[in-house]
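To start, the structure under review is shown below, and the notes come after it.
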Amino acid sequence: MKELSQDIRSINVTRYVTPLREGGSLPALVEADDQFLYVLKFRGAGQGIKALIAELLGGEIARALGLRVPEIVFANLDVAFGRIEGDEEIQDLLKASTGLNLGLHYLSGSITFDPLAVSIDSQLASQIVWLDALLLNVDRTVRNTNMLWWNKELWLIDHGAALYFHHNWQDWENPKRPFAKIKDHVLLPIADKLDEVNDSCHQLLSTDKIKQIVSLIPAEWLNDAAFENPEANRSAYAQFLENRIANADFFINEAKHARASLI
């Protein structure tokens with residue numbers, strides 16, 4: 001399968017290994033034609049392609065900030081997979097996901113990050129809180145940290161619930177969109193360097209870098225009825241991110257106020 005960009009590899013799924021039922025969208029562990037294992041996120045799952053776009057943008061923005069994210073790949077799923085699966089629910093999911101999906105390299109032996117068991121420094125915590133405030137990521141809480149501890153390092157996973165505005169594109173042009181859920185962020189209590197990390201994050205996420213990351217979205221995923229064509233849809237993602245970064249002081253102050261109420 002031809003690669004869609006020079007930065008994101010493409011693989012073909014060759015074997016469905018097992019469902020990962022921790023997630024509501026039934027991600028699965030699969031093997032690919034490069035002999036590696038991946039956690040596959042399905043286009044036919046509950047939140048559909050929008051969750052794959054959020055996963056792609058969130059993961060690659062995190063990587064641009066120097067944070068650790070498993071390699072993201074475009075994963076092609078053949079129609080044959082839906083014919084041989086015995087579980088009816090999974091069979092329906094596979095049939096609905098024929099074509100281009102998203103995979104993350106499987107970190108074998110990793111464990112779920114537990115803030116009570118593993119300490120991380122406030123600089124890293126502040127970078128992650130900054131990222132999630134930018135992305136409006138509602139899914140990095142004590143109940144579900146969406147971080148893994150692997151090889152004595154912290155890895156970020158599962159950004160599919162970020163950028164939730166794109167499910168209806170309501171008020172998306174507002175760069176100062178409130179994000180009250182930041183108060184629930186698992187790392188907020190130790191994120192005391194938000195002002196310090198702001199400068200470096202700004203420098204790393206230039207307009208050109210954001211456009212480069214947004215350009216990774218496959219055109220076939222950009223079919224939102226709110227826009228007249230894929231490029232207009234793509235431009236909206238870039239505009240939202242660029243405007244929110246330019247107004248980062250707003251969400252930093254929001255996070256600082258939320259933190260002050262916790263400590």
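Mapping of the sequence shown onto the UniProt record's numbering: position 246 corresponds to residue 246, and the numbering continues sequentially without gaps.
Note that CB positions come from ideal geometry on N, CA and C, so glycine has one too.
Asked, Found
"Below 8 Å between beta carbons: does that hold for residue 41 and residue 101?", "yes"
"Using C-beta distances below 7 Å, list every residue in its chain close to residue 308, excluding the 5 sequence neighbours before and after it, in chain order.", "The structure shown does not extend to residue 308, since the chain is modelled only from 1 through 263, so no value can be given for it."
"Using CA atoms only, rank isn't needed, just tell me which of 189, 231, 239, 262 is closest to residue 126.", "189"
"Looking only at C-alpha atoms, which of 236, 131, 201, 180 sits nearest to residue 261?", "180"
"By Cβ distance below 8 Å, which residues in the same chain neighbour residue 171 in space, the five residues on each side in sequence not counted?", "165, 177"
"Taking DSSP's pairing of strands, which residues face residue 237 in a bridge?", "Answer by DSSP bridge pairing: none, since residue 237 is not bridged."
"Return the Cβ separation of residue 194 and residue 128 in integer angstroms, given the expectation that the two are a contact with Cβ distance under 8 Å.", "That pair is no contact at about 11 Å."
"Classify residue 233 as buried or exposed, calling it buried when 16 or more other Cβ atoms lie within 10 Å of its own Cβ.", "buried"
"Should residue 170 be counted as a contact of the ligand HEM given a C-beta to heavy atom distance under 7 Å?", "Inclusion of the ligand HEM in the displayed structure is not the case, the ligand content being empty and no account of it being possible."
"Given residue 49, which residues of its chain have a CB within under 7 Å of its CB, disregarding the five upstream and five downstream residues?", "43, 221"
"Restricting to Cα atoms, I'd like to know which of 37, 236, 122 is closest to residue 75.", "37"
"Ignore the nearest five residues each way along the sequence and tell me which others in residue 54's own chain have a CB closer than 6 Å to its CB.", "159, 160, 162, 163"
"Closest to residue 239 by C-alpha separation, out of 257, 205, 256, 219, would be which residue?", "205"
"In the DSSP assignment, the beta strand (DSSP E) including residue 46 goes from what residue to what residue?", "Element bounds for residue 46: n/a, residue is neither H nor E."
"Tell me the rounded alpha-carbon separation between residue 58 and residue 87.", "31 Å"
"Can you say whether residue 228 is buried or exposed, counting buried as having 16 or more other CB atoms within 10 angstroms of its CB?", "exposed"
"As an exercise, report each continuous alpha helix (DSSP H) stretch of at least 4 residues that is fully enclosed by the region 143 to 209, in chain order.", "194 to 204"
"Taking just the CA atoms, how far does residue 72 sit from residue 11?", "10 Å"
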